[in-house]
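All remarks here apply to the structure that follows.
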Amino acid sequence: MAVRESTVSRLYCVGETCGEEIIHGFLEICSQRHPRAYIMQCFCADKWANDNFEWLFTKKRFTTFDWVLLPINVDNQHWMLMVANPREQTIAVLNPTGATQNIEFYLECWRRFMRHRSDECTEKLNDWKQVTYPISLQHENSSCDVFILMYAEAILAKKPQVIMRQQHVPMYRRYIKDCIVHNTITAADGRCACSTCCQPKTRTLQWIQCDNCDLWFHFECVDLSNVNLHLDRYYCADCTATGRMLP
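Here it is, written out as structure tokens:
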């Protein structure tokens, strides 16, 4: 996800919230570092809150991921982070303020989403257990977005979520900015997600996106040709190797 330069500049402003674009841009970088993590877009929580379950992601196999993360924007004023472990079927909502208001509502939204999804695909994940994680709490109103990003990276890196605290927020804002800027520069070199990317020199590059992990690949790198394009889905070698792809 490309993050506009004007948006990145918000990270320089003390007290300025990051916003959705930066949150998803950084979480996408985290998922690139940890491919067995899937990041859901925050609009999903908004849809569920309005009883809309049309987006079911039936081409994905959630149990191929260690984690499914969903940033939640409550009333356009506050950010929380939903953390699901599909293999253990555990679910949690991390609120940087420590308040429990709204948590049960979004947990039930998740359960309803998974029930609707089970009706439409072969993956049946209906029984979810609520868990809690020890987290550090925010002490400034404008830092909830940074906190959920600190939680997310700690979880994916298998580090305690209490390591990063309010005093680390300014440093972490600079870190987020550096990650986004660096990712923008490296993405411009034309490399795909393939570990052995051949950086094809053809004038018109052809790309294909994995329907499970959402990473992009060159046709040449994954040995695809136009004959394959009649397929309604594509799974990369890493996802296919799990042996748990949807039919």
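Each number in this note's numbering comes from the position in the sequence shown (counting from 1) with 29 added on.
Ideal placement from N, C-alpha and C gives every residue a C-beta, glycine not left out.
What residues in its chain sit with their C-beta under 6 Å from that of residue i, if we drop five residues either side in the sequence?
i	result
V191	P163, S165
E182	C59
P276	Here P276 scores only 47 on pLDDT, less than 50, and its place in the model should not be relied on; the value that follows carries that caveat. Contacts found: none.
H107	C173
Q235	F248
Could you give the distance in angstroms between the alpha-carbon of residue i and the alpha-carbon of residue j?
i	j	result
L178	N155	27 Å
T215	Y264	Its pLDDT being 48, under 50, T215 is placed unreliably in this model, and the value from its coordinates should be taken loosely. Looking at the two C-alpha atoms, the distance is approximately 24 Å.
G54	R141	27 Å
G127	V160	14 Å
H211	Y204	10 Å
P115	L98	11 Å
C47	N105	12 Å
C239	Q61	13 Å
D148	P199	45 Å
F134	D261	35 Å
V251	D267	11 Å
P189	L123	13 Å
K88	F82	15 Å
T150	W84	Strictly speaking, residue 150 in this sequence is Cys, with Thr absent from that position. The alpha-carbon atoms of C150 and W84 are separated by roughly 13 Å.
E249	E169	49 Å
N102	I52	11 Å
S171	A270	42 Å
A74	R144	15 Å
F246	I237	5 Å
T129	F86	28 Å
In terms of alpha-carbon separation, which member of the options lies closest to residue i?
i	options	result
T93	W139, T46, H63	H63
C242	R65, I52, I51, D75	R65
M69	D207, W96, A78	W96
C173	L110, K153, K188	L110
A146	F91, K206, N79, L56	The residue you asked about is not Ala; residue 146 is Arg in the sequence shown. Minimum Cα distance to R146 is reached at F91.
D80	I52, L244, C138	C138
I184	A270, H247, A113, T269	A113
Between which two residues does the beta strand (DSSP E) containing residue i stretch?
i	result
A66	66–68
Name the DSSP beta bridge partners of residue i, please?
i	result
T119	N114, K158
H107	V103
F8	The requested residue 8 does not occur in the structure, where the chain is confined to residues 30 to 276.
V97	Y67, A113
Can you list, in chain order, the residues of its chain with a C-beta nearer than 8 Å to that of residue i? Leave out the 5 residues immediately preceding and following it.
i	result
R194	S165
E10	The structure shown does not extend to residue 10, since the chain spans only 30 to 276, so no value can be given for it.
I132	M109, V122, N124
What residue does the alpha helix (DSSP H) around residue i start on, and which one ends it?
i	result
F134	132–149
F55	49–62
I237	Taken as a continuous stretch (DSSP letters only), I237 belongs to no alpha helix (DSSP H), being part of the beta strand (DSSP E) at 236–238.
T129	Neither: T129 is in no alpha helix (DSSP H) and is coded neither H nor E.
D75	72–78
Considering only residues of the same chain and omitting the five flanking positions on each side of residue i, which have a CB-CB separation below 7 Å?
i	result
Q118	L154, D156, W157, K158
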